[in-house]
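Visitor: Residue numbers (my numbering), protein chains in the order written: chain A, -12 to 366; chain B, 31 to 279.
Cβ atoms here follow ideal geometry from the backbone N, Cα and C, with glycine treated the same way.
(1) Please list, in chain order, the chain B residues whose beta carbon lies closer than 8 Å to that of residue -1 of chain A.
(2) Evaluate residue 298 of chain A with the Cβ neighbour count: other Cβ atoms within 10 Å of its Cβ, from every protein chain shown; 16 or more gives buried, anything less gives exposed.
(3) By how many angstroms is the C-alpha of residue 102 of chain A removed from the C-alpha of residue 47 of chain A?
(4) Please specify which runs of the alpha helix (DSSP H), each continuous and at least 4 residues long, are wholly inside the segment 79 to 106 of chain B, giving them in chain order.
(5) Using C-beta distances below 6 Å, list every residue in its chain close to residue 55 of chain A, excluding the 5 sequence neighbours before and after it, in chain order.
(6) Answer with yes or no whether the minimum CB distance from residue 201 of chain A to chain B is below 7 Å.
(7) Kindly give me the distance between the Cβ atoms of residue 23 of chain A and residue 333 of chain A, rounded to whole angstroms, as I take these residues to be in contact under 8 Å.
(8) So for residue 270 of chain A, helix, strand or coil by DSSP?
(9) Mind listing which residues of the segment 91 to 125 of chain B have their C-beta closer than 7 Å to chain A's C-betas, in chain order?
(10) Please list, in chain order, all residues of the same chain as residue 159 of chain B whose beta carbon is under 6 Å from its beta carbon, the five residues on each side excluded.
(11) Against chain B, does residue 342 of chain A count as a neighbour if the rule is that its beta carbon must be under 7 Å from one of theirs?
(12) Excluding the 5 residues flanking residue 280 of chain B on each side, which residues of the same chain have their C-beta closer than 6 Å to its C-beta?
(13) Which bits of chain A does residue 217 of chain B rub up against, with CB to CB less than 8 Å?
(14) With DSSP run on the structure shown, which of helix, strand or coil describes residue 200 of chain A?
(15) For a contact meaning CB atoms closer than 7 Å, what does residue 370 of chain A contact in chain B?
(16) Pull the bridge partners of residue 135 of chain A from the DSSP assignment, please.
(17) Which one of B:123, B:199, B:227 and B:176 has the shortest CA to CA distance from residue 170 of chain B?
(18) Look at the alpha carbon of residue 192 of chain B and the alpha carbon of residue 177 of chain B, and state the distance between them as a whole number of angstroms.
(19) Consult DSSP for residue 152 of chain B and reduce its assignment to one of helix, strand or coil.
(20) As a quick exercise: from A:173, A:354, A:38 and A:326, pick the residue whose alpha carbon is nearest that of residue 100 of chain A.
(21) Measure from the alpha carbon of residue 174 of chain B to the alpha carbon of each residue in B:64, B:57 and B:75, then state which is nearest.
(22) Given that residue -5 of chain A touches chain B, what residues does it touch there, using C-beta distances under 9 Å?
(23) Using C-beta distances below 6 Å, list every residue in its chain close to residue 150 of chain A, excluding the 5 sequence neighbours before and after it, in chain order.
(24) Find the residues of chain B that neighbour residue 40 of chain A, judging by a C-beta separation of less than 9 Å, and give them in chain order.
(25) Classify residue 27 of chain B as buried or exposed, calling it buried when 16 or more other Cβ atoms lie within 10 Å of its own Cβ.
(26) Apart from the five residues just before and just after residue 99 of chain B, which ones in its own chain have a Cβ nearer than 8 Å to its Cβ?
(27) Taking the alpha carbon of residue 308 of chain A as the reference point, which residue from A:234, A:291 and A:166 has its own alpha carbon closest?
(28) Within the same chain, show all residues whose beta-carbon is closer than 8 Å to that of residue 313 of chain A, passing over the 5 residues directly before and after it, in chain order.
(29) Would you tell me roughly how many angstroms separate the C-alpha atoms of residue 126 of chain A and residue 133 of chain A, rounded to the nearest one?
(30) Taking just the CA atoms, how far does residue 328 of chain A sit from residue 44 of chain A?
(31) Distance, Cα to Cα, residue 276 of chain A vs residue 181 of chain B?
(32) Taking one C-beta from the segment 335 to 347 of chain A and one from the segment 288 to 303 of chain A each time, how about it: are there three or more such pairs within less than 8 Å?
(33) For residue 249 of chain A, which residues in chain B fall below 8 Å Cβ to Cβ?
(34) Does DSSP put residue 152 of chain A in a helix, a strand or coil?
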């Protein structure tokens, strides 16, 4: 077992850290407060190759391994999770699915642009009445012979307004239940698509989360991803990898808050000494550091399994569950260590605490992760 | 046109500096190495000159004198965009020794422009660039804040107190660059990091050169005293402390 990163992996981590410090930190509070989409930051992220870092070089991606992805996601999420969620969805939900299951034509037409970061992808699974229960898709893709006719509404879509390319999960043969579900590549400017207003979220306020409505949208047959009826399995497979991204995001939120709390605890004095020298604070920091390290191991283990071509769904569910719960706990403690300063925006930790909450909810709630993990125990 | 960028491998600025062997040697255990910030700016400017289609710059090489611990730093320079890297496998003794090694390489491998950072953030010698120019009998320009090429017309700006001096020169020349030569260092792209694997990193044996100085001892600066924070609206308290406690008024 080797716990050392390669020179390239360290270089990627450092590049992500430099990018986050230089490009994301300035203005992060204002973007959060006013829910301003990070247009310039996402563009630069794309130019550096982070938006397609997992895609192979043949399709204009970075050709990086998943361990590098975890390291980059952690660094970017320490500063701005509104940006890292865009990176995570584009990489591990959209690009991964097209690269893994798409036809050569689909890869040439859609994947390359997304891998270069010139266009952004969105993953449309959740519905008003189908969040955790993804089998209950109400959106329909009726087979019309030479095309599918798409109707329905998708909710909570990251990059819903900015994305040019959607992967839409929709029901084609309801009689087959989840085996009748398809995954379709849909161009966001297709006739019949409308985008709802920006969701006014508690955290990750700068990412654009929207509902997307489909009204008799024609989707060419060649835009089907995988076989007919593969859509549900496709979605579950995509989410297995997506969970590594969100687990790494949660890890970054936790370690970002921890670093701020550690620094603050060494500067802030009460009763004549730095608060880190009070055992009540020192023990909090010790717990935070330990749990973050455990979360990091979970994330890296899942990434390593994926890179080795081994099953990783169970490990990624554990990583997502543990990292999200750790993020919530650590950010709450970071606010506590900061006292009153932690409750105001300039000190960042209250934002990280709001951001952490979302990691327990999206791409499979913590409760859903426990279902996945517990089923894996007896399989 | 070929540009050579001299690279120092320096400890990250957050490094806790320690010495060993009777305080005569820097203890580099556990140190995170980075490209010397001024050299990184020089490399950035070299990249900009190469990318400007109006220029004839077609090769950027980075060079370092030192041990294998610098290889990661050199590969980062390759990831940023240098075409090749050369490491002279020597234990750098002082600026004269480093400049001499680079000059020996230049005699066999001529370049048109040699960029050197104004100083290294570790030993702070500020001498290598000027010494290379002297060894090679090239024009050497210090405190350079910009280099612009227009065919054979080369314009170099250098900082002087309160203003700048504009110079013309011809290749080959050495520019000792400082802040301003480029806006900010480049972050390597994912593709750049992958491509760096395939670029050459040559390790050359050191030339037999005389070492003129010997480091005897290092000393750390005195630790800062305790700091008292005075509220910005309590000027009277500040004056009182300066007068009665610090006794400087």
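Guide: Quick look at the numbers:
(1) 220 and 223
(2) exposed
(3) 6 Å
(4) none
(5) -4 and -1
(6) no
(7) About 18 Å separates the beta carbon of residue 23 of chain A from that of residue 333 of chain A, a gap too long to meet the 8 Å contact definition.
(8) helix
(9) Residues of the segment 91 to 125 of chain B with a C-beta atom less than 7 Å from some C-beta of chain A are 102, 105, 106 and 109, listed in chain order.
(10) Cβ neighbours of residue 159 of chain B beyond the five flanking positions: 146, 204 and 206.
(11) no
(12) No statement about residue 280 of chain B is possible, as the shown extent of chain B runs from 31 to 279 and does not include it.
(13) 2, 5, 6, 9 and 35
(14) strand
(15) Since the first and last residues shown for chain A are -12 and 366, residue 370 of chain A lies out of range.
(16) Answer is A:130 and A:206.
(17) Minimum Cα distance to residue 170 of chain B is reached at B:199.
(18) 19 Å
(19) coil
(20) A:38
(21) It is B:75 whose Cα lies nearest to the Cα of residue 174 of chain B.
(22) 105, 109, 223, 224, 226 and 227
(23) 107, 108, 109 and 175
(24) 220
(25) Here chain B has residues from 31 to 279 only, and residue 27 of chain B is not among them.
(26) Cβ within range, chain order: 39, 58 and 63.
(27) A:234
(28) 237, 238, 241, 278, 279, 281 and 282
(29) 19 Å
(30) 46 Å
(31) 57 Å
(32) no
(33) In chain order: nothing, as chain B lies at least about 13 Å away.
(34) In this structure, residue 152 of chain A counts as strand in the three-state DSSP scheme.
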